[in-house]
Amino acid sequence: MPPYRSNLPSWLSNAYTESHINLVLQTLAERESRRKNFRPEFPLSDFSLGNPAQPCLDHYSVAVASRRENLPHNRYSDVVPYDRTRVIVRSGVAAGRYINASWILERFGHKWWIATQAPLPSTAHRFLSLISQQLPRPLRTLSTPAVDQLEAAANSHATTRIRTVVQLTKNVERGRTKAHPYFPTEVGKSLIVPPDAELSTPALKVTLLRTQDHEDAQCIQSTVAITPMEDDHAKAVIFQHLMYTAWPDHGVPEDEDRTSLLVFLKLVDTVNKDLSLCEYPPAAQAAQPSQYNPDPPIIVGCSVEYGGVNFIDTYFRRSGLYPLKKFPAIIGKETAGTILALPTDPDVLNHPTYKKNNFVLGGRVASDFNGSHATYISVPWKFVYPLPDDVSTKEGAAALLQGLTAATFFEEAYKVKKGDTILVHTIAGGLGLLFAQLGRHVGATVIGTTSTVEKAKLAKEYGADHVILYTQEDTVSRVLELTNGDGVDAIFDGVGKTTFDSDFKMIKRKGTIVSVGNASGPVEPFSLLRLVEKNVKLLRPTMSNYVYTPEEAYHYGQKVGKLLGEKALKIHIFKEYPFTAEGVQQAQRDLTGGKTVGKLLIKIAD
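Here it is, written out as structure tokens:
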């Protein structure tokens, strides 16, 4: 018996003896020879959408993966999980936290594997969350379970956790990125993976603890730690990353590499069984795990003066749209205050965008970060925005989140330009008033909807050309009257469920509907054929994906700051509330009661 076959698991010995490895590789080679050299990412038009209201009973159904909200999480349109084998991540709603991953039972044994695509930048947080949490074990049979069985599996107490991640592809093949890096390449360094825009989960700190080369297995083994940023008492989750480096681009291993492939498979089995690898490596034992911090800080410490109240708070606390991981939880996503501490990591200090921000101790800043309504907060530097001298701390807290949303949506969701006519629902709210001012600033005609005469008067003062009282007028008829029957170029809809259908009656041919929020509830499932009649473009963007990189955040932060400094944007502050349990509760009640105009603030400290 060759030395690399000694002590192999029985299933692997069988695989070698019966030439299954050779057969598999031969089959893969034949497939690769027929495969096109280039396969475009995200050809979404090729998808046939499933009906999410129907049970997923078809043996080959991919209805969940094909839902419109899940399409961006698929690297390719033709590589998606079946409903019956997909991995369900516990999230309160089984289908609500989708990841492109499938359960697979190995051919010669009883071990379950998860096959998943390498993460995209936008799915890295979801991918790491899959590793760091307990997963429901797969059903005993994957033969077409009904939806209620899938729900039961997701809520089962029989759970497991991933200890080993195996990567067969290289990060880059033929100049194309196949696997976006999600942990550092230098031992002792960390990177911050931003929160998932659709979920109420904290940013994750990912640290590379050590690496080891296995030449006989053509493998690089990395020990990686994942730590939630917002939980000081959270224990880091350790996993092993095994990368096989001999797999060729768009091919299969040659004869001379097949020995290393078997050794690699044995290594995977050995590493996965070694539970000691789930603990901190010996180099870190001198420090307690909770204190292990091999990299200098990359965060900005702030003393908070004001906190902004936003409708997204309600998505976290009550609607289930962004379910919170646990209670009690700190509310708030928008603050402004003074810098008390700065990063010390040389990589951060030398980052070009960090230098542009000119952060200094005592400097005034605003931040966009979950769980930040507190007297003192620590925020990754890319979520911190310096305030211009002519913008007060109070204005900064009131303007940051909605200002960035308005600026990015007007620039990227739909490029509003001179001569356009746009419709803004709930125009008297904080975001609506900013939309009105930006529309006036670029020379567009702004039509708004609101509920009272007082709100309509305020909206006109802030730039709206026409305001429709939806409580007294038929909105569709009035919009068509104002546009000579043509409809509007773009609609910014923060209402959601109750206005969605009428939006299609008011939009112009080739117009754009931008779903901004869900004040009345999420939009019901609908047929994509709704878009065909007028060639309508429909978007449901999030601001965080428009300021994803430090460069993007800096660009739009500077733009909003300049508009505020030039008084092209003015913030209407409805009320300040005290930083008490009663004050915070009242702010949330007022926000959802429909009787406020403009911005609500929490006065956190003097």
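When we follow this note's numbering, the leftmost residue of the sequence shown carries the number 1, and every step to the right adds one.
Every residue, glycine too, gets a C-beta built ideally from N, C-alpha and C.
Since the model is a prediction, treat every value here as computed from it, not as a measurement.
Spatially closest choice to residue i from the options, by CA coordinates
| i | options | result |
| --- | --- | --- |
| residue 445 | 397, 532, 488 and 119 | 488 |
| residue 357 | 534, 122, 557 and 566 | 557 |
| residue 443 | 360, 337 and 410 | 410 |
| residue 237 | 437, 568, 375 and 131 | 131 |
| residue 384 | 341, 412, 406 and 416 | 341 |
| residue 419 | 509, 64 and 441 | 441 |
| residue 519 | 467, 70, 425 and 399 | 425 |
| residue 564 | 542, 247, 386 and 470 | 386 |
| residue 178 | 120, 206 and 160 | 120 |
| residue 530 | 509, 548, 545 and 550 | 509 |
| residue 83 | 577, 60 and 267 | 60 |
| residue 391 | 370, 467, 252 and 364 | 364 |
| residue 239 | 165, 273, 245 and 261 | 165 |
| residue 395 | 224, 369, 62 and 569 | 569 |
| residue 475 | 507, 549, 461 and 462 | 507 |
| residue 69 | 328, 542 and 561 | 542 |
| residue 466 | 486, 494, 421 and 505 | 421 |
| residue 304 | 213, 550, 481 and 339 | 339 |
| residue 423 | 602, 400 and 516 | 516 |
| residue 361 | 367, 252, 302 and 330 | 302 |
| residue 262 | 133, 79, 244 and 274 | 244 |
| residue 492 | 433, 549, 346 and 271 | 433 |
| residue 603 | 309, 196 and 271 | 309 |
| residue 454 | 469, 447 and 562 | 469 |
| residue 494 | 300, 72, 460 and 540 | 540 |
Neighbour-count burial assignment, residue i, 16 or more Cβ in a 10 Å radius
| i | result |
| --- | --- |
| residue 348 | buried |
| residue 439 | buried |
| residue 86 | buried |
| residue 458 | buried |
| residue 171 | exposed |
| residue 527 | exposed |
| residue 477 | exposed |
| residue 265 | buried |
| residue 598 | buried |
| residue 218 | buried |
| residue 92 | Residue placement at residue 92 is flagged as unreliable, the pLDDT there being 42, under the threshold of 50; the coordinate-derived value follows with that caveat. Result: exposed. |
| residue 381 | buried |
| residue 583 | exposed |
| residue 376 | exposed |
| residue 101 | buried |
| residue 613 | Past the edges of the chain, shown from 1 to 606, lies residue 613, and the structure says nothing about it. |
| residue 344 | exposed |
| residue 88 | buried |
| residue 370 | buried |
| residue 350 | exposed |
| residue 613 | The requested residue 613 is not part of the displayed model; the chain covers only 1 to 606. |
| residue 594 | exposed |
| residue 503 | buried |
| residue 581 | exposed |
| residue 521 | exposed |
| residue 606 | exposed |
Pair within 8 angstroms by beta-carbon distance, residue i and residue j
| i | j | result |
| --- | --- | --- |
| residue 226 | residue 204 | yes |
| residue 472 | residue 430 | no |
| residue 537 | residue 499 | no |
| residue 335 | residue 372 | yes |
| residue 115 | residue 104 | yes |
| residue 579 | residue 600 | no |
| residue 183 | residue 222 | yes |
| residue 497 | residue 523 | yes |
| residue 118 | residue 169 | yes |
| residue 224 | residue 242 | no |
| residue 678 | residue 210 | Any answer about residue 678 is impossible in this case: the structure gives the chain only from 1 up to 606. |
| residue 353 | residue 550 | yes |
| residue 191 | residue 161 | no |
Beta-ladder partner(s) of residue i, from DSSP
| i | result |
| --- | --- |
| residue 243 | 167 and 220 |
| residue 632 | Residue 632 falls outside the range modelled here, since the chain spans only 1 to 606, and no answer is possible. |
| residue 210 | 223 |
| residue 573 | 599 |
| residue 187 | The partner list for residue 187 (beta bridge, DSSP) is empty, contrary to what the question assumes. |
| residue 228 | 204 |
| residue 115 | 102 |
| residue 312 | The partner list for residue 312 (beta bridge, DSSP) is empty, contrary to what the question assumes. |
| residue 260 | Its beta-bridge partners do not exist; DSSP assigns none. |
| residue 135 | 160 |
task = Within the segment 367-429, note down every full alpha helix (DSSP H) run reaching 4 residues or more, in order along the chain.
result = 393-408
inquiry  = What ranges does the beta strand (DSSP E) occupy inside the segment 429-496, keeping only unbroken runs of at least 3 residues that lie completely in it?
reply    = 445-450, 466-469 and 488-493
key: alpha helix (DSSP H) runs wholly inside the segment 498-571, at least 4 long, in chain order   = 500-506, 543-546 and 550-565
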